[in-house]
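See structure below.
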Amino acid sequence: MTYELGLHDGRVLRTRISHPADRTTYGPGIWSHILRDQLVVTDVEFWRCVQEGVLPDRGRPEVPAEALPAELVYLLINRVGLDEAVIAKMTKDEAVARLNEYWTEEA
Numbered sequence: 001m002t003y004e005l006g007l008h009d010g011r012v013l014r015t016r017i018s019h020p021a022d023r024t025t026y027g028p029g030i031w032s033h034i035l036r037d038q039l040v041v042t043d044v045e046f047w048r049c050v051q052e053g054v055l056p057d058r059g060r061p062e063v064p065a066e067a068l069p070a071e072l073v074y075l076l077i078n079r080v081g082l083d084e085a086v087i088a089k090m091t092k093d094e095a096v097a098r099l100n101e102y103w104t105e106e107a
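Note that the working numbering has the sequence shown beginning at 1, numbered continuously upward.
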């Protein structure tokens, strides 16, 4: 059986579950090959994942803790007239306050 894992950078990791023909266990060489070339992890990362559930770092982009909703960004650009660079530096509370300020000025 072959397992595949698609990564965020477009690579696909593949590994197979198989057993040596004589039913012996894997030697250190093949084990190192599987970890290094197929799973792309260190021995420490592999065992931390197995024993503690800690996933290896696969380069997944971190989501900002307080990302601005797309509609809020749209309104700040198209109604308020703010530049994207200015909006990118705002916290959610600042962005909402600026939009509220715009709505009260318009009334």
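Positions of the beta carbon are idealized from the N, C-alpha and C atoms, including for glycine. The structure presented is a predicted model; accordingly, all values stated were derived computationally and were not measured.
* To do: Would you tell me roughly how many angstroms separate the C-alpha atoms of I34 and K92, rounded to the nearest one?
  => By one-based count along the sequence shown, residue 34 stands at place 34. By one-based count along the sequence shown, residue 92 stands at place 92. Going by the C-alpha atoms only, they are around 45 Å apart.
* Mind checking V41: buried by the 16 CB within 10 Å criterion, or exposed? -> The residue you call residue 41 lines up with position 41 of the sequence shown. The residue in question, V41, is buried, as its Cβ has 16 or more Cβ neighbours within 10 Å.
* According to the neighbour-count rule (16 or more other Cβ atoms, all chains shown, within 10 Å of its Cβ), is L76 buried or exposed? -> Translated into the one-based positions of the sequence shown, residue 76 becomes position 76. By the neighbour-count rule (16 or more Cβ atoms within 10 Å), L76 is buried.
* Would you mind stating whether D22 and G59 have Cβ atoms separated by less than 9 Å? => Reading the sequence shown from its first residue, position 22 is the one you call residue 22. Reading the sequence shown from its first residue, position 59 is the one you call residue 59. No, they are not a contact pair.
* **Endpoints, the alpha helix (DSSP H) within which R48 is located** => Stepping through the sequence shown from its first residue, residue 48 is reached at position 48. 43-52 is the span of the alpha helix (DSSP H), which, as asked, contains R48.
* Residue interval of the alpha helix (DSSP H) (run including V73) -> In the sequence shown, residue 73 corresponds to position 73, counting from 1. Per DSSP, V73 belongs to the alpha helix (DSSP H) from 70-75.
* Asked: Which word fits A65, buried or exposed, when buried means at least 16 other C-beta atoms lie within 10 angstroms of its C-beta?
  -> The residue you call residue 65 lines up with position 65 of the sequence shown. A65 should be labelled exposed.
* **For G6, the first and last residue of its enclosing alpha helix (DSSP H)** => By 1-based counting over the sequence shown, the position of residue 6 is 6. No alpha helix (DSSP H) contains G6, which is instead part of the beta strand (DSSP E) from 2-6.
* **alpha helix (DSSP H) segment containing V80, residue limits** => Looking up residue 80 in the sequence shown gives position 80. Where V80 is concerned, there is no enclosing alpha helix (DSSP H), given that its DSSP letter is neither H nor E.
* Asked: Roughly how many whole angstroms lie between the Cα atoms of E71 and L82?
  -> The residue labelled residue 71 in the question sits at position 71 within the sequence shown. The residue labelled residue 82 in the question sits at position 82 within the sequence shown. Taking the straight line joining both Cα atoms gives about 14 Å.
* Integer Cβ distance of L39 from L13, believed to fall under 8 Å -> One-based indexing of the sequence shown puts residue 39 at position 39. One-based indexing of the sequence shown puts residue 13 at position 13. Indeed, because the Cβ distance is near 6 Å, the residues count as touching under 8 Å.
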